[in-house]
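K.L.:
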Amino acid sequence: MTDAIVNPAVPSDLPGLPRQRGCPFDPAPEYARLREQAPISRISFPSGGSGWLATRYEDVRAILADPRFSSRLSTAAPHVRPAPTALPEQPLPGALLRLDEPEHARYRRPVMRAFTVKRVQQLRPRIQQIVDERLDAMERRGGPVDLVAELALPVTSLVICELLGVDYDDRETFHGLAGRLLAIESSPEQAQQARADLASFISTLVAAKREQPGDDLLSGLIAEADADPDSPLTDIAVTVLGSLLLIAGHETTANMIALGSLALLESPDQLAALRRDPALADRAVEELLRHLTIIQFGLVRVAAQDLTVRGLSIKAGEYVVASLPSANRDPGLGITDPDRLDITRDPAAHVAFGYGPHQCLGQQLARAELQITLTSLFARFPGLRLAVPADQLPFRDDMIIYGLHQLPVTW
Ligand code: HEM
Numbered sequence: 034m035t036d037a038i039v040n041p042a043v044p045s046d047l048p049g050l051p052r053q054r055g056c057p058f059d060p061a062p063e064y065a066r067l068r069e070q071a072p073i074s075r076i077s078f079p080s081g082g083s084g085w086l087a088t089r090y091e092d093v094r095a096i097l098a099d100p101r102f103s104s105r106l107s108t109a110a111p112h113v114r115p116a117p118t119a120l121p122e123q124p125l126p127g128a129l130l131r132l133d134e135p136e137h138a139r140y141r142r143p144v145m146r147a148f149t150v151k152r153v154q155q156l157r158p159r160i161q162q163i164v165d166e167r168l169d170a171m172e173r174r175g176g177p178v179d180l181v182a183e184l185a186l187p188v189t190s191l192v193i194c195e196l197l198g199v200d201y202d203d204r205e206t207f208h209g210l211a212g213r214l215l216a217i218e219s220s221p222e223q224a225q226q227a228r229a230d231l232a233s234f235i236s237t238l239v240a241a242k243r244e245q246p247g248d249d250l251l252s253g254l255i256a257e258a259d260a261d262p263d264s265p266l267t268d269i270a271v272t273v274l275g276s277l278l279l280i281a282g283h284e285t286t287a288n289m290i291a292l293g294s295l296a297l298l299e300s301p302d303q304l305a306a307l308r309r310d311p312a313l314a315d316r317a318v319e320e321l322l323r324h325l326t327i328i329q330f331g332l333v334r335v336a337a338q339d340l341t342v343r344g345l346s347i348k349a350g351e352y353v354v355a356s357l358p359s360a361n362r363d364p365g366l367g368i369t370d371p372d373r374l375d376i377t378r379d380p381a382a383h384v385a386f387g388y389g390p391h392q393c394l395g396q397q398l399a400r401a402e403l404q405i406t407l408t409s410l411f412a413r414f415p416g417l418r419l420a421v422p423a424d425q426l427p428f429r430d431d432m433i434i435y436g437l438h439q440l441p442v443t444w
């Protein structure tokens, strides 16, 4: 398959993607009804047209693992954006999220090596050092502080900057770009401009590293390409990969740190269990990832051919939304009481990092950052508490990645 697939516009008065949360930690209650009564249902998209919504764990995994569902979308976030941006018909080289096999694997493989369990294990002491420095700064400064600005964003940004070889002093530039790329209400022009600005920022860096290589991932990818005439890693591909890693690498985990901290503060029994036994950190992180599922609107795929799922005919070109938040609360996940946050439970085989060939490439790094940051934060500040009433917190209902815009805390 070489051409991007276009979703035919179908006028409809169908319901949209459920978005109204009952509680900030839970997906919209409508998902539970859909899982029971209409596990694959037709929905309308805000910009017109329609698609399908899969809400059960089993179906979500099946869709994400099935090569007949393609990642070659022709519009960005069509299920939530009122005015979705048209994407270039041909995905750029290295644009992992928009490529299918076997092309996808050619670009993923060289990057994957930097994010294995072993490589991330080696990074742990440095991550701990970064976290400790930020906690020292918080302590010196005194509460109240915004945990997003003072801890979550700096930790994840510093780590990905050091890995990639991006100057942390440029953080305002790339934090701003992430905001423009991930806001649902960004107009097509704003989203396109943000993409172009990001590419220009990273391509300048790639050119500089070609002249003066460093001990970092971008320099490593350039050197690998130079050493291997069959490598797919052109400077454009390295730029596209670098852009993806920079944004995906800081924004997601930062939101999990903030939202995970809040979830623990709001569940004192769970927090007490973690404080009593820091060895629970691995389980706690896995459970928070599942329970909070910050990729809040799910993942979109497009049917590459006419096909049938649960007896329903899905036509080639139609979009299908695989709801990660719903799948992670499905009893079909095989855990008891999936709506309950229980950091002591055996880790569930959740889909917070997706599933199939595109499953999150940075998941081991995200886990390490979360484990280290959450345990160190609560050990350092035993009296940590919210500095504003919980109902005044600004949740990111308006962004592709859920979490908090700010989290004022004191101790
Ligand atoms: C808690 C934090 C994170 C969450 C919840 C998360 C979630 C996800 C999900 C759901 C996908 C699958 C997208 C799809 O199938 O279309 C994904 C892909 C990806 N993630 Fe993450 N992610 C996190 C952290 C990170 C970090 C720290 C990095 C980088 C260092 C990263 C880099 C990527 C990349 C490069 C992909 C694309 C993989 C591919 O298409 O082959 N992510 N992530």
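Number 432 in the working numbering belongs to position 399 of the sequence shown; there are no gaps in the numbering. Here a beta-carbon is modelled for each residue, glycine too, at the ideal position from N, C-alpha and C. Owing to the predicted nature of the structure, the values given are computational and were not obtained by experimental measurement.
Are the CB atoms of ILE405 and GLN161 within a distance shorter than 8 Å?
P.N.:
It is a contact, given that the beta carbons lie within the stated cut-off.
K.L.:
Would you check if the distance between the CB atom of PRO111 and the CB atom of VAL273 is smaller than 8 Å?
P.N.:
No, the Cβ-Cβ distance between PRO111 and VAL273 is not below 8 Å.
K.L.:
Leaving out the 5 sequence neighbours to the left and right, which residues in its chain are closer than 7 Å to THR286 when beta-carbon positions are compared?
P.N.:
Around THR286: THR189, ALA399, GLU402 and LEU403.
K.L.:
Pick out whichever of ILE433, LEU251 and PRO358 has its Cα sitting closest to the Cα of ALA65.
P.N.:
For ALA65, the nearest C-alpha among the options comes from PRO358.
K.L.:
Between HIS438 and ligand 1, is there a pair consisting of the residue's CB and a ligand heavy atom that are separated by less than 7 Å?
P.N.:
Checking the Cβ of HIS438 against ligand 1 gives no.
K.L.:
Report yes or no: do the stretch 288-302 and the stretch 231-243 share at least 3 C-beta pairs separated by less than 8 Å?
P.N.:
Touching, no, given that fewer than three Cβ pairs across the two stretches are closer than 8 Å.
K.L.:
Give me, in chain order, the residues of the same chain whose beta-carbon lies closer than 6 Å to that of ALA360; leave out the 5 immediate sequence neighbours on both sides.
P.N.:
So the qualifying residues of the chain are TYR90, VAL93 and VAL384.
K.L.:
What is the residue span of the beta strand (DSSP E) that THR443 lies within?
P.N.:
Here the beta strand (DSSP E) through THR443 covers 441-443.
K.L.:
Would you say the beta carbon of MET289 is closer than 7 Å to some non-hydrogen atom of ligand 1?
P.N.:
Yes.
K.L.:
Using the Cα positions of VAL144 and GLN226, report the straight-line distance between them to the nearest angstrom.
P.N.:
Approximately 26 Å, taken between the alpha carbons.
K.L.:
What residues match up with MET432 in a beta bridge as DSSP calls it?
P.N.:
BP columns for MET432 point to ALA216.
K.L.:
Per DSSP, which residues does SER103 bridge with? Please list them.
P.N.:
According to DSSP, SER103 bridges with VAL335.
K.L.:
Could you check whether the stretch 342-353 touches the stretch 76-88, counting it as contact only if at least three pairs of C-beta atoms, one from each stretch, sit closer than 8 Å?
P.N.:
Segments in contact, yes.
K.L.:
Can you list, in chain order, the residues of its chain with a C-beta nearer than 8 Å to that of ILE255? Leave out the 5 residues immediately preceding and following it.
P.N.:
So the qualifying residues of the chain are VAL239, LYS242, ARG243, PRO246, LEU266, ASP268 and VAL271.
K.L.:
Only counting the same chain, and skipping five residues up and downstream in sequence, which positions put a Cβ closer than 6 Å to that of ASP248?
P.N.:
Excluding residues within five positions, none has a Cβ falling inside 6 Å.
K.L.:
Is it buried or exposed, ALA363, if we count other Cβ atoms within 10 angstroms and call 16 or more buried?
P.N.:
The sequence given here places Asp at residue 363; Ala does not occur at that position. By the 10 Å Cβ count, ASP363 comes out buried.
K.L.:
Could you check whether GLN338 and ARG101 sit closer than 8 Å to each other, using their CB atoms as the reference points?
P.N.:
Contact flag set, yes.
K.L.:
Where does GLY84 fall in DSSP's three states?
P.N.:
The answer is strand: DSSP assigns GLY84 an E or B state.
K.L.:
Whole alpha helix (DSSP H) runs in the stretch 93-157 with 4 or more residues, listed along the chain?
P.N.:
Counting only runs of 4 or more, we get 136-145.
K.L.:
Leaving aside the five residues before and after PRO44 along the sequence, list all residues of the same chain whose C-beta is less than 6 Å from its C-beta, in chain order.
P.N.:
Because PRO44 carries a pLDDT of 45, less than 50, the predicted location of this residue cannot be relied on, and the following value inherits that uncertainty. Cβ neighbours of PRO44 beyond the five flanking positions: none.
K.L.:
Terminal residues of the continuous beta strand (DSSP E) containing THR341?
P.N.:
From DSSP, the beta strand (DSSP E) with THR341 extends over 340-342.
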